[in-house]
Amino acid sequence: METITALIDKIYADTFPQAARERLLANIARACNATKLPRKTHWDEQDVVLITYADQFREPDKPTLRSFSRFYQQHLQSTFPLVHLLPFFPYSSDDGFSVIDYHQVNPLCGEWHDVATLHQETRLMFDFVCNHMSAHSAWFKHYLAQDPGWDNFFISMPPATDLSAVTRPRTSPLLTPFKMADGETRFIWTTFSADQIDLNFANPDVLIRMVDVLLDYLTRGADYVRLDAVGYMWKTPGTRCIHLAKTHLLVKLFRAIANKVAPGTVIITETNVPHKDNISYLGNGHDEAQMVYQFSLPPLVLHAIHSGSGRALRQWASSLDLNNSGTTFFNFLASHDGIGLNPARGILTEVEIVALVRDLALEGALVSYKNNPDGTTSPYEINVTYLDALTRQEEDDTTRLKRFLLAHAILLAFPGVPAVYIQSIVGSRNDYAGVRAAGHNRAINRQKYDLQEIETALAGGDWLRQQVYTRLSQLIQLRRRQPAFHPDNPMTLFDCENALLVLKRHSPTSGESLLCVFNLSGRQVKTQLPEARTLQDVITGDKIEGTQPLTLDAWQFMWLRG
Numbered sequence: 018m019e020t021i022t023a024l025i026d027k028i029y030a031d032t033f034p035q036a037a038r039e040r041l042l043a044n045i046a047r048a049c050n051a052t053k054l055p056r057k058t059h060w061d062e063q064d065v066v067l068i069t070y071a072d073q074f075r076e077p078d079k080p081t082l083r084s085f086s087r088f089y090q091q092h093l094q095s096t097f098p099l100v101h102l103l104p105f106f107p108y109s110s111d112d113g114f115s116v117i118d119y120h121q122v123n124p125l126c127g128e129w130h131d132v133a134t135l136h137q138e139t140r141l142m143f144d145f146v147c148n149h150m151s152a153h154s155a156w157f158k159h160y161l162a163q164d165p166g167w168d169n170f171f172i173s174m175p176p177a178t179d180l181s182a183v184t185r186p187r188t189s190p191l192l193t194p195f196k197m198a199d200g201e202t203r204f205i206w207t208t209f210s211a212d213q214i215d216l217n218f219a220n221p222d223v224l225i226r227m228v229d230v231l232l233d234y235l236t237r238g239a240d241y242v243r244l245d246a247v248g249y250m251w252k253t254p255g256t257r258c259i260h261l262a263k264t265h266l267l268v269k270l271f272r273a274i275a276n277k278v279a280p281g282t283v284i285i286t287e288t289n290v291p292h293k294d295n296i297s298y299l300g301n302g303h304d305e306a307q308m309v310y311q312f313s314l315p316p317l318v319l320h321a322i323h324s325g326s327g328r329a330l331r332q333w334a335s336s337l338d339l340n341n342s343g344t345t346f347f348n349f350l351a352s353h354d355g356i357g358l359n360p361a362r363g364i365l366t367e368v369e370i371v372a373l374v375r376d377l378a379l380e381g382a383l384v385s386y387k388n389n390p391d392g393t394t395s396p397y398e399i400n401v402t403y404l405d406a407l408t409r410q411e412e413d414d415t416t417r418l419k420r421f422l423l424a425h426a427i428l429l430a431f432p433g434v435p436a437v438y439i440q441s442i443v444g445s446r447n448d449y450a451g452v453r454a455a456g457h458n459r460a461i462n463r464q465k466y467d468l469q470e471i472e473t474a475l476a477g478g479d480w481l482r483q484q485v486y487t488r489l490s491q492l493i494q495l496r497r498r499q500p501a502f503h504p505d506n507p508m509t510l511f512d513c514e515n516a517l518l519v520l521k522r523h524s525p526t527s528g529e530s531l532l533c534v535f536n537l538s539g540r541q542v543k544t545q546l547p548e549a550r551t552l553q554d555v556i557t558g559d560k561i562e563g564t565q566p567l568t569l570d571a572w573q574f575m576w577l578r579g
């Protein structure tokens, strides 16, 4: 407990009452005794994560977690050994990220028993929505009612306060007016929306209650814990109110608690920000998050295939620090959110970003914006399915499939633990009807399905869906059998023409290596491999003579073993 108490002292100095400290430490001790489920001690090449909603598939009069469990066992279990269940708690908006009650399962999805049943089939990743909660939650209702003990749970500010320096991820107002029980109107801090009320971690009681949430998830067996929007947790007016020192200390505290209660639990931070800020949450490699979302990868892979050039992707990948086996990247291309653009800033020029946004918007993608300190707005994310992001509307499905598999072959070859969104594995297209129904852009990539209908489509009722599901599943399963793809193994990038990306993954323990070659362009490309020996493509089985020039067709890729 020494690390935990030292972190509390750093965060709160002498403002954390002794009684509160004893209560917090007692709760942690009880959780240690209650935690029975062991965790995998370290990640390896077999770890590939499925990102999904708990209500993704529906059947009449059946909890959706049971429907998902059936679909998972029949169609996904051999491909994904770990499932990220997006927030499955009662909520009021944002498809789960406005949590009403952290400790309950949404009745539509089922009960904790259904989560436990799924956990018997797969490891699980839970969302810890730690920055904010629903305006409809009991906690916020206590606050509005001015009940004793709840006064400082949330952050109120005079509306004239100068908050111009605060980083804004949205165009919605930072402060939202709410009427209190005594008739006073308070302006409450709402980083993301009027229905998502930021918690006040400066209040020790808030920390105790939120640690209780974390302990609940640990005792229920969460293998990975995702800290949602974690960069905004601590607020100090006059600063950017993002990535503050005390925010990092809170993440270190959560890590220390997880280490104590459930060793092997992986803490993952979700910070959709430029790369340098993102990797700062890895701390010294042993004291903060074990993984960070690799937010730069989705826009850079998209840009590479759109432009037919791997220049920016290769330069960025060459700069990655891959020398700490205690941390790694959580790699993905698509998620429940859009394709973030901030993580590409400083890697792509603003001209390249604007051109990419313009081109995708012309092809039906939607664009979300953020406010800047100078009063202007900038594109924040592109809202589109990754399948539709990669191709023009008039292109055929064969081209669509080639580009999609190429993008995922890059994802699966990069150092880190790869994650694939449910909409990607089932070949989803842009859901414009969902956008109209929900009233927000992100619904374009959050379609829910009747279980029988999606199973019929994947069985061949929809050629593109069936091909995406079959071919991508095969590629992932093949990847899981390659020791060279262990997340900790080094990566070497080779100089080549811009149309290509050539990298090597090498296992220092087994000596096995894979030379991965990707043609990012829509034209045939001839190249000389950097290794002059006989190689075999583990995907097709074809033999390749490294002494001879290699010709790759449009959007072709190879994983070559010596």
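Residue numbers (the numbering used here): 18 to 579.
We put the beta carbon where it would ideally sit given N, CA and C, even for glycine.
Given the structure is predicted, the values throughout are model-derived calculations rather than measurements.
- Every unbroken stretch of the alpha helix (DSSP H) spanning 4 or more residues and falling wholly within the stretch 325 to 350 is given here in chain order: 328 to 335.
- Counting only runs of 3 or more residues that sit fully inside the stretch 62 to 110, the beta strand (DSSP E) segments are 66 to 69 and 99 to 102, in chain order.
- Per DSSP, reduced to three states, the secondary structure at isoleucine 25 is helical.
- Take the alpha-carbon of glutamine 464 and the one of alanine 455: they are about 11 Å apart.
- For phenylalanine 271, the enclosing alpha helix (DSSP H) starts and ends at 262 to 278.
- Listed in chain order, the non-local C-beta contacts of threonine 394 below 7 Å within the same chain comprise Thr188, Tyr386, Lys387 and Asn388, local neighbours out to five positions each way being set aside.
- Below 8 Å, enough C-beta pairs join the stretch 359 to 372 and the stretch 288 to 297 to call them touching: three or more.
- Per the Cβ contact rule, the stretch 276 to 284 is not in contact with the stretch 171 to 185 (fewer than 3 Cβ pairs under 8 Å).
- The beta carbon of phenylalanine 218 is closer than 7 Å to those of Leu224, Met250, Trp251 and Leu267 in its chain, skipping five residues each way along the sequence.
- Just measuring C-alpha positions, the residue of Lys269, Gly300 and Pro432 sitting nearest glutamine 63 is Pro432.
- In the DSSP assignment, the residues bridged to asparagine 388 are Thr394.
- Separation of methionine 174 and glutamine 483 (C-alpha to C-alpha, rounded to the nearest whole angstrom) is 53 Å.
- Under the three-state reduction of DSSP, arginine 496 is assigned to helix.
- For histidine 149, the beta-bridge partners assigned by DSSP are Asp215.
- Comparing alpha-carbon positions, the option among Ile493, Arg409, Asp414 and Ala198 lying closest to isoleucine 442 turns out to be Ile493.
- Taking one beta carbon from each stretch, the stretch 75 to 91 and the stretch 155 to 169 have fewer than 3 pairs nearer than 8 Å; the two do not touch.
- In the three-state DSSP reduction, histidine 353 falls in the coil class, being neither helix nor strand.
- Scanning its chain for C-beta atoms nearer than 6 Å, with the 5 sequence neighbours on each side dropped, one finds around lysine 263 the residues Ile28 and Trp251, in chain order.
- Glutamine 541 and alanine 571 have their C-alpha atoms roughly 5 Å apart.
- Judged by DSSP in its simplified three-state form, methionine 174 adopts coil rather than helix or strand.
- DSSP, reduced to helix, strand and coil, places leucine 531 within a strand of the structure shown.
- The way I'd put it, the stretch 191 to 199 doesn't touch the stretch 226 to 241; fewer than three beta-carbon pairs between them come closer than 8 Å.
- Counting every other CB atom within 10 Å of its CB across the protein chains shown gives asparagine 220 a total of 16 or more, marking it as buried.
- For glutamate 514, there is no enclosing alpha helix (DSSP H), as DSSP marks it with neither H nor E.
- If you look at threonine 415, you'll find it in the alpha helix (DSSP H) that goes 414 to 430.
- One Cα belongs to asparagine 123, the other to proline 107, and the distance between them is close to 4 Å.
- Contact between the stretch 509 to 522 and the stretch 329 to 336 is established, with three or more Cβ pairs separated by less than 8 Å.
- Taking C-beta atoms as the reference points, tyrosine 89 and phenylalanine 145 fail to come closer than 8 Å.
- Here DSSP, grouped into helix, strand and coil, assigns glutamine 483 to helix.
- By the Cβ test, the stretch 338 to 347 is not in contact with the stretch 362 to 374, since fewer than three Cβ pairs between them sit closer than 8 Å.
- When DSSP reads this structure, valine 283 sits in a beta bridge with Tyr241.
- Close CB contacts of threonine 184 within its chain, under the 7 Å cut and outside five residues either way in sequence, are with Arg257, Cys258 and Ile259 (chain order).
- Per DSSP, reduced to three states, the secondary structure at tryptophan 60 is coil, with no helix or strand assignment.
- Nearest neighbour of threonine 208 by Cα position, chosen from Val242, Asn148, Trp167 and Ala162, turns out to be Asn148.
- The alpha-carbon separation between threonine 473 and lysine 543 amounts to approximately 41 Å.
- Counting only the Cα atoms, arginine 420 lies some 7 Å from leucine 407.
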